[in-house]
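Scroll down for the structure; my scribbles are underneath it.
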């Protein structure tokens, strides 16, 4: 049987761990709520941007815009080559820290599977990593991580703009043919789903879906359906000028909401895993306390029997 | 009409207004309620929002500095996205 002191030390260390996990659970719960509130703050922006784009969706300038037009694949590429001519940029969002269950690995696996399925070789794939976990993952696997941003709690629109500008530049200059974003979508506190969207070439149906997803279908943050949009707008100074401005903004909505979803998912996943860690620590503490009491009782019994044994030996 | 000035991550102004003056791409313009639906680009400058205040005939003037952006006008309101 383990020594009394050893058991006591173990109980103390578990109690300390329990305190830490409990605090982390509370912090994550607060941060999760904050991320949800922030997602709602971005709604008027998203609504207006999508309304403007749907008004312009029939415009000639739209289908020819460099951020919308799909790059035509070079058909003269020789048939014998096994490599796909497509070059893609993946924007992968994870958290900086672990201790959040399978959250990050699910996103990273989703991105890696998509890269494998598309048959692209490593040299055709470039990565924009947000979050230390994504950076570590792709760096060790030999992918080209072009840009890395840490995923901190203070999200700024500057960070979003920077990512969008970088991706838009690469797409419109033809460095890449496809820009995809992979992140963890927040569904409920207990459920997150790795999700992937194509950012460039921009497509209106995909965007409308993302904007719809901003408003949760149920729960405290759900909202009534949007009002009717006007059919016709006057456009000044020209459709092209408006498109040049609105398209990068739409891409920012993609990136911004993906970032928020990732953060909300991170905090809820951490909250859940910290809760189970706290519960487990409680269980272990209970078991060890029992073991401690038994060991103490055994020691007392042994001492008593030694004393009585000694007394009897002296009496006889 | 309801005026909203929003950045991607925050709403800078949201409220009822009588008029909204913005630096449009083709010169300064003022939008009142029931304006024709309109989309225009904006230059850097100030958006000036005039709203009624209770118990006074004076209009409350609110200025928001904008670095350029887009204005979307509907019959019931206007949204500026930066």
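Chains as they are written, first to last, in the working numbering: chain A, 4 to 319; chain P, 4 to 85. Backbone N, C-alpha and C fix where the C-beta goes; we use that ideal spot for every residue, glycine too. What you are looking at is a predicted structure, and each value in this text was computed from that prediction instead of being measured.
At a C-beta separation below 7 Å, residue 7 of chain P has these neighbours in chain A: 47.
Residue environment for residue 55 of chain P: exposed (fewer than 16 other C-beta atoms within 10 angstroms of its C-beta). Excluding sequence positions up to five before and after residue 5 of chain P, its CB lies within less than 7 Å of the CB of 19, 79, 80, all in the same chain and listed in chain order.
Contact note: residue 41 of chain A reaches chain P through 12, 13, using a C-beta cutoff of 9 Å and chain order. Note that the C-beta distance between residue 249 of chain A and residue 92 of chain A is not below 8 Å.
Taking a C-beta distance under 8 Å as the contact criterion, residue 106 of chain A and residue 269 of chain A qualify as a contact pair. By the C-beta density criterion, residue 125 of chain A is exposed, having fewer than 16 other C-beta atoms within 10 angstroms. Distance from residue 163 of chain A to residue 255 of chain A at the Cβ level is roughly 5 Å; contact confirmed, criterion being Cβ atoms closer than 8 Å.
Of the other Cβ atoms in all chains shown, fewer than 16 fall within 10 Å of the Cβ of residue 70 of chain P; this residue is therefore exposed.
Cα atoms of residue 190 of chain A and residue 267 of chain A: separation of roughly 10 Å, rounded to the nearest angstrom. The DSSP-derived three-state label of residue 156 of chain A is coil. Residue 9 of chain P sits close to residue 48 of chain A, with the two beta carbons spaced by under 8 Å. For residue 91 of chain A, the three-state secondary structure derived from DSSP is strand.
Within the region 18 to 46 of chain P, the residues whose Cβ lies closer than 8 Å to any Cβ of chain A are, in chain order, 27, 28, 29, 39, 40, 41, 42, 43, 44. Within 10 angstroms of the beta-carbon of residue 300 of chain A lie fewer than 16 other beta-carbons, which makes it exposed. Among the CB atoms of chain A, none fall inside 8 Å of the CB of residue 52 of chain P. Counting only residues of its own chain and dropping the five nearest sequence neighbours on each side, residue 194 of chain A has no CB closer than 7 Å to any other CB.
DSSP, reduced to helix, strand and coil, places residue 100 of chain A outside both helices and strands of the structure shown, so it counts as coil. Nearest C-alpha to residue 130 of chain A among A:319, A:142, A:274, A:13: A:142.
In this structure, residue 45 of chain P and residue 27 of chain P form a Cβ contact; the two beta carbons are roughly 6 Å apart against a cut-off of 8 Å. Using beta-carbon distances, residue 248 of chain A counts as an interface residue toward chain P, with a partner under 8 Å.
Membership of residue 54 of chain P in any alpha helix (DSSP H) is not indicated; the residue belongs instead to the beta strand (DSSP E) covering 41 to 55. No Cβ of chain A is located within less than 8 Å of the beta carbon of residue 69 of chain P. The residue among P:60, P:62, P:50, P:63 with its C-alpha nearest the C-alpha of residue 85 of chain P is P:50. With a cutoff of 8 Å on beta-carbon distance, residue 83 of chain P and residue 21 of chain P are scored as not near each other.
Per DSSP, residue 129 of chain A lies in no alpha helix (DSSP H) segment; the continuous beta strand (DSSP E) that holds it begins and ends at 128 to 133. For residue 73 of chain P, the residues of chain A that pass the 9 Å Cβ criterion are 51, 52, 55, 245, 248, 249, 252, in the order they occur in the chain.
Straight across, the Cα-Cα distance linking residue 262 of chain A with residue 8 of chain A is about 49 Å. Sequence-distant partners of residue 58 of chain A (beyond 5 residues in either direction) whose C-beta falls short of 7 Å from its own C-beta, in its chain, are 236. The residue from A:314, A:312, A:294, A:305 with its alpha-carbon nearest to that of residue 11 of chain A is A:294.
Between the alpha carbons of residue 204 of chain A and residue 66 of chain A lies a gap of roughly 10 Å.
Taking the C-beta atoms as reference points, residue 167 of chain A is found no nearer than 8 Å to residue 53 of chain A.
In chain order, 10, 11, 12 make up the part of chain P whose C-beta sits under 7 Å from the C-beta of residue 160 of chain A. In this structure, the alpha-carbon of residue 69 of chain A lies about 11 Å from that of residue 180 of chain A. The beta carbon of residue 291 of chain A sits closer than 8 Å to the beta carbons of 10, 13, 14, 17 from its chain, once the five residues preceding and following it are set aside; these are given in chain order.
Residue 76 of chain P is a Cβ neighbour of residue 40 of chain P, given a cutoff of 8 Å.
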